[in-house]
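Chains as they are written, first to last, in this note's numbering: chain A, 1 to 782; chain B, 1 to 288. Beta carbons are placed, not taken as given, at the ideal position from N, Cα and C, and that holds for glycine. To keep things clear, I will list the structure first and then write my remarks on it.
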């Protein structure tokens, strides 16, 4: 009894003592343009206290009353500022940081590495837009999403393999959010470029594991992209003229310090050229008209400081790829793209409690329209989401930071909508399925600081999905722990369970716009993963950061296609699925340097992914791997080794050189080990060579490696800044394999009309996509 | 099919530098391959019971020449029977060449042992290979489906150069069951390769008319031979899987798949045993 009394008294005293703390809170911004600084550090070194700003630049720190405190605010690339405060009550203290340097080398403090040592977050990679703009890029288009694939754990692309396969996860297992709206297809031109215009992006972070509880819905990664808010100090702009596309960004204050806008656009113009070529060759019968292709995207955002406690943000994205071909008798149009809209309201309830409420709308669709004289054909698919979510950030005290929130999303799917028929109406057919699903989520997490050395972030997410008369509910525990052995050494571990209720029906390799998003239904269960990861990081001196991590992932309810699957125009698409399980495990090592003239990183990943035990949903379906005793197999994105070396060197204030080298084990491909002849029926041709495919993904392509070089030369005209960027992709002209096929060769006269042709030999041919590709872009900023 | 052609067009359209040797021959080491028997057995109304039994080969195994083609391919000395309506027909190992269709068979029943023109009863196939392994199959003859009409249409222009017509083929589908069809179009003679060869089903048909069309390719005086096969689901699956396997080679967007046979037994066989009911008509292109 007495023991209980002492315990309660002790607890009460703790609360009372804590209650005597004062909270200093506010927003940290970039003084030059008013952008919120995400993850800026706020520290009281004398008391060993610290915190960091959230994604809206908001921070909250509890300090004891009575004495003055010296608070240091810092952020990578900016001059730290220190203030001595003597707060008597809870105080709002907003800070504007500036870079404070003119043209001298920006001294990057090691605080970004220190932040990584202090944080419980692991399995995270971030990249700055500065790095993304300096690294060599395909056809001069800097692409922050492509650049982050140079970090370990994310296979850095291969020839034409454009999906993202994070830690052995399939390409639909990545949650990509742009200002909190989900982007379903972040690809232009079949994935060679992403939909993110680097000029409009403020921050990009990718989580490969240890997912915070506020994220859910995909198994293998979260890619959180934040757009810039727009310069609220003065009108500014930037852009570039490149080989295949141009872009322009304009931003400025609507009301200085209080509101701003930013609008950013980009378009390719190869089609203007090809149309001229077509026109010039109109009379030429041997000439095949080149199809039209272009893409464009537009980002727009406004934000308003409504009061000291309220901010409102409205942003939108619209992008399209358009492909078209027309002749006298034949018209073909294919377009696809995303549209997203977000409205967000930040509200500060108290110095300790911050909330963000977001309404988003996201739409991805593709449309194919085909017209031949007398007949027309239309095919399309679409997914449209309307989502409402709210997230609270409660800095209870310096040992507990609590986050909680909830979300609800309504998904409307149209799958394989087909309308075809003759103009006279005699022939008519249609197909398509429609689904409406509701996805729900609620979470709570607590970042607990037990001591300076030991912190734990423990969370729980409850998710659910309702569709087709079936409701699925899942509990997703999330735990991450960090133990600091010293200021330089830290050991981290994490566990996360994730559920995924939407599935991408696609061929495994290339990201095609006709890939279909399909919901969980009565027969199609949600995918599930459990991932454990553990790692150690070491800060070597002040310049080098070493990170070593191992992970193991269990994957359940993974989908593959059955043999001979009919993907297009199929109202019973579920009959084409087989369901199985997977295992992915690996090790990632990296060493990074952020200070000095030479910066960059080296990353190495050793990984394995295996799929097994597939059963078809349709009892009559066939999945040869199992039925013929072939057993487990590796998906095509199973890459054993992956190395990236990235180096940026500031030769002079004006000239920066960069180099990227990637090496990876070849992807797997499915080649036929045998062949047979097919005579067929009367009137049909004789096929001397038909492939006999057996075990899945039975051949590993040759290793993929490539060196890219880049040079950026800066100019400083009176009106602003400009640079000429020269990129050379594949500098030593390596012919990496895109795919391999077998070509029968025929010698002598073939007896074509009777249809019997026997090849004299069969050659294995390898197709590559990119030879050495130089490009030049002119970029400007005012 | 439209989809694959589109991507191929776009893909090749983008290979502006295609002349820069982006395709090259390579040496590859394929995994071990176990040779399998390959069977094509069609029950054709009014025709002799006959079939072709061959063997597959490793992809890079030496190719036969036209001279030793048969010797290399044919799988002889098997025991083959087809049973129908209580009667068992023995197919002897004999080389048969049909000059009309230019097709060969290495097993055939007697010249008077013909498949019925129609029957509701199943046909059962049993084969025992020289090594003791077996092949089994079962099939039926479906009802013949007639072509309702073939409409020849010339373009509605005044251009003197527009002299070519297209053909629209119409037939009626039975909505009471799932049906599969194969339709071939030949120009002037069945000896040549078909102009069109499609396999389709009636999944998407809203009323009961199915149509096939062509481009404006045919001159006055041309003879169009249209053949409509009413086929089984497993034969349609087999044909699509063969076409899919052939198309996946060379197409980076293709989904490879093993060939889906409808045969059983212990021999790990690849192939098809199916009834083949057809309707054929000839039409001459004329300006009306």
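- Think of a sphere of 9 Å around the beta carbon of residue 422 of chain A: the chain B residues whose beta carbon falls inside it are 168, 211, 213, in chain order.
- Residue state for residue 200 of chain A is assigned as helix, using DSSP reduced to three classes.
- Among the residues of chain B, those whose CB is under 8 Å from the CB of residue 693 of chain A are 245, 248, 256, 257, 258, 259, following chain order.
- Between the alpha carbons of residue 225 of chain A and residue 186 of chain A lies a gap of roughly 11 Å.
- By the Cβ-count criterion, residue 189 of chain B is exposed, with fewer than 16 other Cβ atoms from all chains shown falling within 10 Å of its own Cβ.
- Taking the beta carbon of residue 46 of chain B as reference, no residue of chain A falls within 8 Å; the closest one sits roughly 13 Å away.
- For residue 140 of chain A, the nearest beta carbon of chain B is not closer than 7 Å to its own beta carbon.
- Between the region 178-189 of chain B and the region 223-233 of chain B there are three or more C-beta pairs closer than 8 Å, enough to call the two in contact.
- The distance from the Cβ of residue 431 of chain A to that of residue 297 of chain A is about 31 Å, inconsistent with a contact at the 8 Å cut-off.
- In this structure, DSSP gives residue 562 of chain A a state outside helix and strand, which the three-state scheme calls coil.
- For residue 312 of chain A, the enclosing beta strand (DSSP E) stretches over residues 310-326.
- For residue 37 of chain A, there is no enclosing alpha helix (DSSP H), since its DSSP letter is neither H nor E.
- Sequence-ordered contacts of the region 552-567 of chain A with chain B read 561, 562, 563, 564, 565, 566, 567 [C-beta pairs closer than 9 Å].
- Look at the region 358-392 of chain A: the residues with a C-beta under 9 Å from a C-beta of chain B are 368, 370, 372, 373, 374, 375, 377, 379.
- Contact residues of the region 678-712 of chain A toward chain B are 678, 679, 680, 681, 682, 683, 684, 685, 686, 687, 688, 689, 690, 691, 692, 693, 694, 695, 696, 698, 699, 702 (C-beta to C-beta distance below 9 Å).
- If you draw a 10 Å sphere on the C-beta of residue 287 of chain A, you find fewer than 16 other C-beta atoms in it, and that means exposed.
- Residue range 129-134 is occupied by the alpha helix (DSSP H) that includes residue 131 of chain A.
- Residues are counted here when their Cβ sits less than 7 Å from a Cβ of chain A; for the region 38-63 of chain B these are 38, 40, 42, 52, 54, 56, 57, 58, 59, 60, 63, given in chain order.
- Neighbours of residue 184 of chain B in chain A, taken as residues at a C-beta separation under 8 Å, are given in chain order as 683, 684.
- In terms of CA proximity to residue 89 of chain B, B/51 leads the group B/60, B/51, B/62.
- With a 10 Å radius around the Cβ and a threshold of 16 neighbouring Cβ atoms, residue 451 of chain A comes out exposed.
- In this structure, the straight-line span from the alpha carbon of residue 75 of chain A to that of residue 50 of chain A is close to 13 Å.
- A check of alpha carbon separations from residue 38 of chain B across B/83, B/136, B/30, B/116 identifies B/136 as the nearest.
- Per DSSP, residue 493 of chain A is one residue of the beta strand (DSSP E) stretching across 489-500.
- Counting of Cβ neighbours within 10 angstroms places residue 410 of chain A among the exposed residues, the total staying below 16.
- In its chain, beyond the 5 residues on either side, 50, 51, 52, 53, 78, 80, 91, 92, 93, 94 have a beta carbon closer than 8 Å to the beta carbon of residue 107 of chain B.
- Per DSSP, residue 177 of chain B is not a residue of any beta strand (DSSP E), being assigned neither H nor E.
- Within the region 69-85 of chain B, contact with chain A at the beta-carbon level (separation under 7 Å) is assigned to 69, 73.
- Residues of the region 271-295 of chain A with a Cβ closer than 8 Å to any Cβ of chain B, in chain order: 290, 291, 293.
- For residue 33 of chain B, the closest Cβ of chain A is nearer than 7 Å.
- Annotation: residue 567 of chain A is outside any beta strand (DSSP E) and is labelled neither H nor E by DSSP.
- Residue 66 of chain B is positioned such that its CB atom lies closer than 7 Å to that of residue 758 of chain A.
- Secondary structure note for residue 470 of chain A: its beta strand (DSSP E) is the uninterrupted segment 470-484.
- Contacts between residue 28 of chain B and chain A, judged by CB atoms closer than 8 Å, involve 671, 699, 740, 764 in chain order.
- Under the three-state reduction of DSSP output, residue 146 of chain A falls in the helix class.
- Listed along chain A are 679, 680, 681, 682, 686, each with a C-beta nearer than 9 Å to that of residue 103 of chain B.
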